[in-house]
Structures are given as structure tokens and as C-alpha cells.
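Written below as C-alpha cells is the structure these notes are about.
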Amino acid sequence: MTQRVHRRLHGGCGALDAERVDGGPGYLACGDEGDSGRLLAHCAAFGVEPGEYGRGGVGQRLQCGGDLAFGLRDGLDLMFDAGVPAPTQIRASGGGTASALWRQILADVLDAEIATVDTTEGAAYGAAVLAAVGVGWYPSVEAATEALVSATPVAEPGPDAPRYAAAHAVYRGLYPALAPSFRRM
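Add 1357 to a position in the sequence shown, counting from 1, and you land on the number used in this note's numbering.
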């Protein structure tokens, strides 16, 4: 099912350099993703059919849309469970955000507008913003962010978001189903 969901979504998955390869991504169920209670660091590919992808295609399938975006969704769900309200916009940075397909997958999976920021080094830039507040250059994180961070909306949840939500439910069931096998490895 998961393989077919992604094939219907976009008939393929572009690598971060925007190269397109036929077929959709599978999923990678890892013991160390999302929920901190998952302590087993074994992984299993799911929804990847033998011989369906060309050289290097399997890795591309697994990283694009499956485990990465769903792992981020798991983290977001943990925040919701802790009482954090759902964001209307999520800011993203880094090399992956150069891919329009990846940004759309994130918007669909996270069910929020994705905006890119004016730096590719988001974590380091964020630390510098916090340091600027710490040394008194700005009175608050909000004031520093307002002055130093520029965000450009680039993707909104689209018509495929419900399909990703259904596929995420399948993905969430993979770890509990596979955990006994991981323990035997």
C-alpha cells in the first residue's frame, strides 16, 4: 500500500538535487526515530519492491518522503501531546529545502505552511540569534528573530496531505510490529 500511495502522489521522488527517478519511496522503520522510548537502532525497508529501482534508487526512495518526513511528524506529534499548539508555519533551512518536491512533502506531512529562511545553516544561525539576546543586543528572542530572520513561504499543505496522513498511520504501526524482530538481531 505505502509504495502505491507515493507513486500516486507524485509518480516519483526527486532527490535533493531535483533528479527524478520513476517509482515512489518506501519507508524505513527505525528503532531510534521520533519516540525516545524506541531504543533499538535497527532499521527495515518497507514498501520497496526488488528490482523496481535503478542503481542508487532505493536509498533515494527511503530518504525522500518516507522516514525523514514521518520522523519529523512524529516529533511534531510529541509536541502536540505536550500541549504545544499546532503551528501554522514551520521554518526550514538546509540543503534539502532547495527541492520543491521535498518542501511540498514536508508541508503535506506536517500539515503546515513551510517557509524557508535566509540561511542554509539554521541551527548555527539560531544559536547566534540566541547569543545576540544573551549579550544584550536584543531585549528578547522575539525581537531578535523579528530583526534577524527573514522567512519566505514556499509550500502549503496540498490535496495529497490526507494520503500522507493515512500512510503515516501505516508507518507508525511498523515499529511496534517489527520490534520483536529487532530484539533478535
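Every residue, glycine too, gets a C-beta built ideally from N, C-alpha and C.
9 Å Cβ cutoff met for residue i and residue j
i, j, result
"A1457", "A1512", "yes"
"T1477", "T1509", "no"
"Y1482", "V1492", "no"
"I1447", "I1471", "yes"
Expected contact under 8 Å - CB spacing of residue i and residue j to nearest Å
i, j, result
"H1525", "V1466", "7 Å"
"A1469", "T1502", "Wrong, their Cβ atoms sit about 18 Å apart, outside the cutoff."
"G1451", "G1479", "6 Å"
"Y1495", "A1504", "7 Å"
Buried/exposed call for residue i, threshold 16 Cβ in 10 Å
i, result
"P1516", "exposed"
"A1386", "Low confidence applies to A1386: its pLDDT is 46, below 50, so where it sits in the model is not reliable enough to give any reading."
"R1365", "Bear in mind that the predicted position of R1365 carries a pLDDT of just 37, short of 50, making it unreliable; the figure below should be weighed with that in mind. Classification for R1365: exposed."
"S1507", "exposed"
"P1519", "exposed"
"A1484", "exposed"
"L1531", "buried"
"P1514", "buried"
"R1541", "exposed"
"A1372", "Residue confidence for A1372 is low, a pLDDT of 36 falling below 50, so the modelled location carries little weight; the figure read from the coordinates is stated next. Buried, because 16 or more other Cβ atoms sit within 10 Å of the Cβ of A1372."
Chain-order list of residues whose beta-carbon lies under 7 Å from that of residue i (same chain, five-residue window excluded)
i, result
"L1433", "L1467"
"W1521", "In the sequence as presented, Trp is not what sits at residue 1521; that position holds Tyr. Excluding residues within five positions, the ones whose Cβ falls inside 7 Å are D1465 and V1466."
Close Cβ partners of residue i (< 6 Å) along its chain, the five nearest in sequence each way excluded
i, result
"D1392", "A caution first: D1392 carries a pLDDT of 46, below 50, which makes its placement in the model too unreliable to give a value."
"W1459", "G1453"
Close beta carbons around residue i, own chain, < 8 Å, minus the five adjacent residues each side
i, result
"A1449", "R1460, L1463, I1471, A1472, T1473, V1474 and G1479"
"L1429", "L1463, V1466 and L1467"
"F1437", "A1443"
*Note down, one range per segment and in chain order, each beta strand (DSSP E) of at least 3 residues found wholly within the region 1447-1479.*
1470-1474
*asked:* Please give the ranges of any beta strand (DSSP E) in the region 1497-1539, keeping only runs that are unbroken, at least 3 residues long and fully inside the region.
replied: 1508-1512
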